[in-house]
Amino acid sequence: MTTVRIWDLPTRLFHWALAACVIGLVVTAKVGGDAMNWHFRLAYAVFTLLVFRVLWGLVGGHWSRFATFFPTPGRIARYLGGRAPASETAGHSAVGALSVLAMMAALVLQVASGLFTDDEIAFAGPLTSLVSGDWVSRATTWHKGWGQYLVIGLVVLHVVAVFAYLARRKNLIGPMLTGDKRVADGVALPSSRDGAGNRVLALVLLAVSAGVVYAVVQLGAAPALG
Numbered sequence: 001m002t003t004v005r006i007w008d009l010p011t012r013l014f015h016w017a018l019a020a021c022v023i024g025l026v027v028t029a030k031v032g033g034d035a036m037n038w039h040f041r042l043a044y045a046v047f048t049l050l051v052f053r054v055l056w057g058l059v060g061g062h063w064s065r066f067a068t069f070f071p072t073p074g075r076i077a078r079y080l081g082g083r084a085p086a087s088e089t090a091g092h093s094a095v096g097a098l099s100v101l102a103m104m105a106a107l108v109l110q111v112a113s114g115l116f117t118d119d120e121i122a123f124a125g126p127l128t129s130l131v132s133g134d135w136v137s138r139a140t141t142w143h144k145g146w147g148q149y150l151v152i153g154l155v156v157l158h159v160v161a162v163f164a165y166l167a168r169r170k171n172l173i174g175p176m177l178t179g180d181k182r183v184a185d186g187v188a189l190p191s192s193r194d195g196a197g198n199r200v201l202a203l204v205l206l207a208v209s210a211g212v213v214y215a216v217v218q219l220g221a222a223p224a225l226g
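Sequential numbering of the sequence shown, starting at 1, is according to the UniProt record's numbering.
Set out below in structure tokens:
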């Protein structure tokens, strides 16, 4: 067996940080009250992480790039037919990629709607002043209803899938902790870049992502024109 670096450190930290933040978001939403202050902070953290992941999907390590795992019809057909080569299963498989992209899309919708929500008691999203009351009502209804249930459902599905793979002796957790995966000798797979330069780039992109989030949030504080 040969060891290949699949997940670079920035991708691994993103994964676990996002998981922790999503759990925190669910808990603080259910607790309510003063915990909502932390709900907002965690939401901004998730927003930052999502922007970072989009950027990292363009310039990150080989297996973290969207081009490597994007679930095209051909890749999906090969995976479901048991014909997918190692280059299409070492990282995210075609079905796994669908799960990842669905989770990111659901979180984007949830974060976006949260920016415009208003509980009409004590907490309102930072951009509520930019849209009409009808849009605030729609965003609030989605955020508190189908939006949160969609995210929770996808998280549960993800966890079930991970343990289902474990039952089939396919460990998805180990590589996301160590970054490495063991493959059969003779299988030629590229290793993801994971050196100091790559990590410095990730820090720069994380700072840029935080700046983007700050700028978006501040839009609601800007005086209206006209």
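The beta-carbon is built from N, C-alpha and C at its ideal position, and this holds for glycine as well. Being a predicted model, the structure only gives us computed values, none of them experimental.
query	result
Closest to A19 by C-alpha separation, out of T68, D118 and L107, would be which residue?	L107
Look at the Cβ atom of V155, then the Cβ atom of V22, and state whether they are nearer than 8 Å.	yes
Within 8 Å, do at least three Cβ pairs link the segment 168–179 to the segment 140–159?	no
On the criterion of 16 or more Cβ atoms from any shown chain inside 10 Å, does M1 qualify as buried, or is it exposed?	exposed
What's the gap between the Cα of F163 and the Cα of L50?	25 Å
Give the DSSP bridge partners of L118, in chain order.	Here the sequence assigns Asp to residue 118, which means Leu is not the residue at that position. A124.
Between S209 and R193, what straight-line distance do the alpha-carbon atoms span, to the nearest angstrom?	21 Å
Does the Cβ of S64 have 16 or more other Cβ atoms within 10 Å, making it buried, or fewer, making it exposed?	buried
Which residue or residues does DSSP assign as beta-bridge partners of T2?	V183
Would you call the segment 64–76 and the segment 95–112 touching, i.e. three or more CB-CB distances under 8 Å?	yes
Once you ignore the five residues that flank E88 on each side, which residues in its own chain have a CB closer than 6 Å to its CB?	R75
Nearest to G57 by alpha carbon, out of H15, A196, V213 and L127?	H15
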